[in-house]
Amino acid sequence: MNQTQIKVALITGGGTGIGRSAAIALQNDNFNVIVCGRRKEQLEETASVGATDKPKFVPLLRCYR
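Start counting the sequence shown at 35; every next residue gets the next number (my numbering).
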């Protein structure tokens, strides 16, 4: 049986550091990636890094503690 899978990952702290690296790696592995963090500019920068031939990044506005 052939099934189509849509893979989605939610990354908290996805604007910088390990979270950003994880988001990019998952996108390169054909995941749609939702990045969440405190700084809107960082999230948008991470989302803009995404390759155009891969699934998309979705920046999610701030996570609160």
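Each residue gets a CB set at the ideal place from its N, CA and C atoms; glycine is no exception.
Consult DSSP for residue i and reduce its assignment to one of helix, strand or coil.
i: Thr80; result: helix
i: Gly66; result: A small correction: the amino acid at residue 66 is Asn; Gly does not occupy that position in the sequence shown. Three-state result, Asn66: strand.
i: Gly51; result: helix
Using a Cβ-Cβ cut-off of 6 Å (strictly less than) and excluding sequence neighbours within five positions of residue i, which residues of its own chain qualify?
i: Leu60; result: Ala43 and Val67
i: Val92; result: Ile68
i: Leu77; result: Gly49, Val69, Gly71 and Pro93
i: Lys41; result: Phe65
Leaving out five residues on either side along the sequence, give the residues of the same chain with a beta carbon under 7 Å from the beta carbon of residue i.
i: Arg73; result: Gly49
i: Arg54; result: Gly48 and Thr80
Would you please state the rounded distance, in angstroms, between the beta carbons of residue i and residue j? I believe it to be under 8 Å.
i: Thr38; j: Ala57; result: So it is not a contact: roughly 23 Å between Cβ atoms.
i: Gly71; j: Gly51; result: Contact flag wrong, Cβ pair sits at about 10 Å.
Starting from residue i, follow its DSSP beta bridges and name the residues at the other end.
i: Ala43; result: Val67
i: Leu94; result: Cys70
For residue i and chain B, any beta-carbon pair shorter than 8 Å?
i: Asp63; result: Protein chain content of the structure displayed is limited to a single chain, and chain B is not contained in it.
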